[in-house]
Amino acid sequence: MSAASTRVLETARTGRGMVWVIAVMLFLTVLATAGGIGTARATGAIGVQLGGRATVQVAAADPARRERDVGEAAAVLAGIAGVSQVRVVPRAEIARLLSPWLGGDAADVDLPIPAMVDLTVADKASVTRVRRALAAALPGARLDLHSAALAPVRRFLTVMSVLGLALVAMMVAATAFVVVLAARAGLEAHRGTIEVMHMLGATDVQVARLFQRRLSLDAALGAAVGGVAGLVAVALLGAQASALGSELLGAVTLGGLGWGVLLLLPFAFVALAAGVARRAVVRSLGQML
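In terms of full-length UniProt numbering, the sequence shown opens at residue 1 and continues consecutively.
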């Protein structure tokens with residue numbers, strides 16, 4: 001039986017292509033998992049950073065009146081319950097933000113750029129009080145909630161997170177299917193050897209253990225290749241996103257927990273392959289013999 005076992009272990013190469021299939025599957029799974037975790041964290045970060053943030057725009061053609069109105073708006077806002085961090089945005093800062101579109105004209109004092117007041121509101125009731133106070137004191141002022149402006153972005157990131165989770169589930173299911181096919185192909189290719197092993201006293205569980213070991217080794221090799229390639233790709237993409245200097249892309253990070261999940265994926269794939277292979281072989285042996 002020892003010789004037969006060795007033969008099965010050394011010649012059960014029918015599922016050798018499974019190594020590269022699992023490598024590709026794990027590579028894609030690492031990317032999808034990283035994308036899902038990163039977008040989920042970005043969605044949360046946007047909610048935290050922009051929660052309660054708002055801007056009041058005061059537009060007036062006359063610069064003197066505009067400055068007077070923005071000062072009055074800041075004074076009104078500072079006296080409203082639930083409103084904090086009231087700050088008049090300097091015109092130079094607004095000009096700097098508009099310079100990519102207006103160039104040097106953004107600093108022109110005659111350009112009717114609206115004056116702005118940044119503030120933080122505690123809740124929806126505070127927003128209602130701000131709107132009422134502005135309508136009474138400065139009917140022309142407009143309140144813009146940052147969270148409302150970026151709501152489409154948050155919805156998009158949420159959809160991307162769900163899509164990443166769905167892709168991971170499909171990759172896991174496809175990997176399990178490939179392992180089942182490899183196990184059945186190996187059994188069919190070595191049917192004669194298995195029959196001899198049974199005549200020598202080997203049980204279905206013992207035969208299944210041999211194939212489980214062979215397929216687990218193949219899965220481990222594929223997981224190592226795909227896992228390393230996936231982690232390197234994620235690290236490179238993260239470095240590229242950070243180098244762009246985008247505040248939104250900078251929020252797409254994995255964190256310690258996210259990297260821990262990615263590092264566990266290769267081991268999870270090997271465990272999946274071992275469990276699926278054992279079950280598939282035992283079931284197929286029961287049908288064959």
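All residues carry an ideal CB built from backbone N, CA and C; glycine is no exception.
(request) Please name the residue, chosen from M170, F156, V86, A224, that lies closest to A42 on a Cα-to-Cα basis. (result) F156
(message) Only counting the same chain, and skipping five residues up and downstream in sequence, which positions put a Cβ closer than 7 Å to that of P266?
(response) L26, A223, A224, G227
(message) Quick check: is any heavy atom of the ligand FAD less than 7 Å from the C-beta of V162?
(response) Judged by which ligands are present, the structure shown has none, so any question about the ligand FAD falls away.
(message) Short of 8 Å in beta carbon distance, which residues of its chain neighbour V178, apart from the five on each side in sequence? Order them along the chain.
(response) The residues are M18, V21, I22, M25.
(request) Could you tell me how far apart the beta carbons of V56 and L134 are, in whole angstroms, since I believe they sit closer than 8 Å? (result) 7 Å
(request) Could you have a look at D218 and say whether DSSP puts it in helix, strand or coil? (result) helix
(message) One question on the structure: do L138 and D69 come within less than 8 Å of each other, judged by their Cβ atoms?
(response) yes
(message) Once the 5 residues before and after A59 are set aside, which same chain residues still bring their CB inside 6 Å of it?
(response) P114
(request) Tell me whether L31 is buried or exposed, calling it buried when 16 or more other Cβ atoms sit within 10 Å of its Cβ. (result) buried
(message) Assuming contact is defined by CB atoms lying nearer than 8 Å, are A271 and Q212 in contact in what I supplied?
(response) no
(message) Applying the 10 Å Cβ sphere with the 16-neighbour rule, what's the burial state of G210?
(response) The sequence as given places Leu at residue 210; Gly does not occur at that position. By the neighbour-count definition (other C-beta atoms within 10 Å, threshold 16), L210 is a buried residue.
(message) Does the stretch 164-184 come into contact with the stretch 84-96, if we say contact requires no fewer than three beta-carbon pairs (one atom in each stretch) closer than 8 Å?
(response) no
(request) Please go through the same chain and pick out, in chain order, the residues whose beta-carbon is closer than 7 Å to the beta-carbon of L143, but skip the five residues on each side of it. (result) A54, V56, V130, R131, L134
(message) Any beta carbon from chain C within less than 8 Å of V153's own beta carbon?
(response) In the structure shown, chain C cannot be found, because there is only a single protein chain.
(request) Could you pull out every unbroken alpha helix (DSSP H) segment of at least 4 residues lying fully inside the stretch 71-145, listed in chain order? (result) 91-102, 124-137
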